[in-house]
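In numbering that gives the first Met the number 0, the protein residues as written are 0 to 46.
Structure first, commentary second.
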Amino acid sequence: MKIKCDGTFGGKYEHHLISEGDSYKIRHKKVKLINCDAPQKTLTVYL
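Below, the structure is given as structure tokens:
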């Protein structure tokens, strides 16, 4: 099922990479969304 969305979803994203020759491939990807039911109107990024 494909859901059309024109918003921004905030959350935490993790990528576990493996090297293959002179490049990398994604071995595992994990996404934890803040609110997966609706896109966020504004996001503040803290570094």
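Even glycine gets a Cβ: it sits at the ideal position worked out from N, Cα and C.
Next on the checklist: Within a Cβ cutoff of 6 Å, which residues of the same chain sit near His14, ignoring the five residues on either side of it in sequence?
Outcome noted: Around His14, the same chain offers Ile25 and Lys28 as residues with beta carbons nearer than 6 Å, after the five sequence neighbours per side are excluded.
Item to check | Rounded straight-line distance, which links the Cα of Leu16 to that of Leu32 | outcome: For the pair Leu32 and Leu16, the Cα-to-Cα distance works out to about 21 Å.
Checklist entry - Looking only at DSSP bridge pairs, what is Gly10 linked to? => result Beta-bridge pairing links Gly10 to Leu32.
Item to check | Sequence-distant residues of the same chain with beta carbon closer than 7 Å to Gly10, five excluded per side | outcome: If you ignore the 5 residues before and after Gly10, its C-beta comes within less than 7 Å of the C-beta of Val30, Lys31, Leu32 and Ile33, all in its own chain and listed in chain order.
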